[in-house]
Amino acid sequence: MAVVTMRELLDAGVHFGHQTRRWNPKMRRFIFTDRNGIYIIDLQQTLTFIDEAYEFVKETVAHGGNILYVGTKKQAQEAIANEAQRVGMPYVNHRWLGGMLTNFQTVAKRLHRLKELQAMDAAEDGYAGRTKKEVLMLTRERNKLERVLGGIADMSKVPSALWIVDTNKEHIAVSEAKKLNIPDVAILDTNCDPEVVDYPIPGNDDAIRATTLLTSIISSAVEAGRTARAERQAAAAKETAGDAEVAEIVTEAEQENAANAAEIASEEVADEEKPAEDKSGEQTPAAE
Numbered sequence: 284m285a286v287v288t289m290r291e292l293l294d295a296g297v298h299f300g301h302q303t304r305r306w307n308p309k310m311r312r313f314i315f316t317d318r319n320g321i322y323i324i325d326l327q328q329t330l331t332f333i334d335e336a337y338e339f340v341k342e343t344v345a346h347g348g349n350i351l352y353v354g355t356k357k358q359a360q361e362a363i364a365n366e367a368q369r370v371g372m373p374y375v376n377h378r379w380l381g382g383m384l385t386n387f388q389t390v391a392k393r394l395h396r397l398k399e400l401q402a403m404d405a406a407e408d409g410y411a412g413r414t415k416k417e418v419l420m421l422t423r424e425r426n427k428l429e430r431v432l433g434g435i436a437d438m439s440k441v442p443s444a445l446w447i448v449d450t451n452k453e454h455i456a457v458s459e460a461k462k463l464n465i466p467d468v469a470i471l472d473t474n475c476d477p478e479v480v481d482y483p484i485p486g487n488d489d490a491i492r493a494t495t496l497l498t499s500i501i502s503s504a505v506e507a508g509r510t511a512r513a514e515r516q517a518a519a520a521k522e523t524a525g526d527a528e529v530a531e532i533v534t535e536a537e538q539e540n541a542a543n544a545a546e547i548a549s550e551e552v553a554d555e556e557k558p559a560e561d562k563s564g565e566q567t568p569a570a571e
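The opening residue of the sequence shown carries number 284 in the working numbering; numbering runs sequentially from there.
And the structure:
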């Protein structure tokens, strides 16, 4: 079954690129034609690249990896947050902080501070003994951290891969991922550089419907990866149980063989201890 159809891509406007005067020549091979001064992206290639990106994300998650969703432009913010939350993945949809990946230890300290402030706010007496001004300052600090870091609050380590909407706007995220050899999957509009992305998806990164559709495809890949992982774990558990059952059967057989051997040996000893009989069937008297 196809991940997405050509009709769905067309309906979402994935094929619309930028104006012909705003383009990156490196994207030439992904452009089908231009119409009324607008580049039209070759959706046949887009379908192929979507399949490749889908399989990569699926396998990454199937092996226990996580995907960081990144899209801070207005058109992508809602889709990034909704889809990431739907599949339980971290996301950044307001502002990318420099060093969010390359200096994650420092970011982790801010995440710890955020959790402290959230716990303080949740507790009935969390602000006990503090002045109104102090409470106001703490509330502002918590709100600021939640806005910037709320999407990665549960991220304990750097991600296995990134999903990026608009590599030009998120160039810092792309650069940090490259420094850490973290693969990225991204939408490539006609003004982007395809050489900076590991798994490109040629498409419109400005239309809300287009970014929502493509982000939902990535989320579907995440779900498929989790399903595959669960199936592999179940198969491994079944195989382990089967091996244990075989080992138990072998052990029982060995014990039974040992018991039979002992019984046979006991009978042989008993036969040797019996008095010898003569040919007439009478017992031969033992030597005095």
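Where a beta carbon is used, it is the ideal one built from N, C-alpha and C, also for glycine.
*Evaluate the contact criterion for the stretch 441-453 versus the stretch 351-365: three or more CB pairs, one atom per stretch, below 8 Å.*
The answer is yes - the stretch 351-365 touches the stretch 441-453, with three or more Cβ pairs under 8 Å.
*Taking 8 Å as the threshold, find out whether the stretch 318-329 comes into contact with the stretch 293-310 through three or more Cβ pairs.*
Counting C-beta pairs closer than 8 Å gives three or more between the stretch 318-329 and the stretch 293-310, which meets the contact rule.
_Residue nearest to Asp-437 in terms of C-alpha spacing, selected from Thr-343, Ala-402, Thr-355, Met-372_ = The residue given as residue 437 occupies position 154 in the sequence shown. The shortest C-alpha separation from Asp-437 is found at Met-372.
_Tell me the residue span of the beta strand (DSSP E) that contains Ala-469._
What you label residue 469 is simply residue 186 of the sequence shown in a count that begins at 1. Taken as a continuous stretch (DSSP letters only), the beta strand (DSSP E) holding Ala-469 covers 467-471.
*So what's Leu-351 in DSSP terms, helix, strand or just coil?*
Residue numbering aside, residue 351 sits at position 68 when the sequence shown is read from its first letter. In the structure shown, Leu-351 sits in a strand (DSSP, three-state: E or B).
_Counted within 10 angstroms of its Cβ, other Cβ atoms place Tyr-337 as buried (16 or more) or exposed_ = On the sequence shown, position 54 is the one that residue 337 refers to. Under this definition Tyr-337 is a buried residue.
*When the Cα atoms are used, what is the spatial distance from Lys-562 to Glu-531?*
For this step, residue 562 is matched to residue 279 along the sequence shown. For this step, residue 531 is matched to residue 248 along the sequence shown. Summary for Lys-562: the model assigns pLDDT 47, below 50, so the residue's position carries little reliability, and this model does not support an answer.
*Between the beta-carbon of Pro-483 and the beta-carbon of Phe-332, is there less than 8 Å?*
Here the question's residue 483 lines up with position 200 in the sequence shown. Here the question's residue 332 lines up with position 49 in the sequence shown. A contact, by the Cβ cut-off of 8 Å.
*Pairing CB atoms from the stretch 390-403 with CB atoms from the stretch 454-465, are three or more of them under 8 Å?*
The stretch 390-403 is not in contact with the stretch 454-465.
_Unbroken beta strand (DSSP E) run spanning Leu-263, endpoints_ = The shown model of the chain, from 284 to 571, leaves out residue 263, and the question about it has no answer.
_Using 8 Å for Cβ pairs, my map puts Val-344 next to Val-505. What's the rounded Cβ distance?_
Indexing the sequence shown from 1 puts residue 344 at position 61. Indexing the sequence shown from 1 puts residue 505 at position 222. That belief holds up - the Cβ atoms of Val-344 and Val-505 are roughly 5 Å apart, short of 8 Å.
*May I ask you to verify whether the stretch 398-418 touches the stretch 448-455, counting CB pairs closer than 8 Å and requiring at least 3?*
Contact between the stretch 398-418 and the stretch 448-455 is absent, because fewer than three Cβ pairs lie under 8 Å.
*Is Thr-567 helix, strand or coil when you go by DSSP?*
Stepping through the sequence shown from its first residue, residue 567 is reached at position 284. In this prediction, Thr-567 has a pLDDT of 49, which is less than 50 and means its spatial position is unreliable; what the coordinates show is noted afterwards. Looking at Thr-567 - three-state DSSP - the assignment turns out to be coil, as it is neither helix nor strand.
*How many whole angstroms separate the CB atoms of Asp-488 and Asp-472, which I take to be in contact at a CB cut-off of 8 Å?*
Within the sequence shown, the letter at position 205 stands for residue 488. Within the sequence shown, the letter at position 189 stands for residue 472. That belief holds up - the Cβ atoms of Asp-488 and Asp-472 are roughly 4 Å apart, short of 8 Å.
*Under a three-way DSSP split, which group does Arg-492 fall into?*
Counting from 1 along the sequence shown, the entry for residue 492 is found at position 209. DSSP places Arg-492 in helix when its eight states are reduced to three.
_Below 8 Å, how does it come out for the stretch 364-381 and the stretch 422-436: are there three or more Cβ pairs, yes or no?_
Contact between the stretch 364-381 and the stretch 422-436 is present, because at least three Cβ pairs lie under 8 Å.
_Taking DSSP's pairing of strands, which residues face Ile-321 in a bridge?_
For this step, residue 321 is matched to residue 38 along the sequence shown. Answer is Gln-302, Arg-318, bridged to Ile-321.
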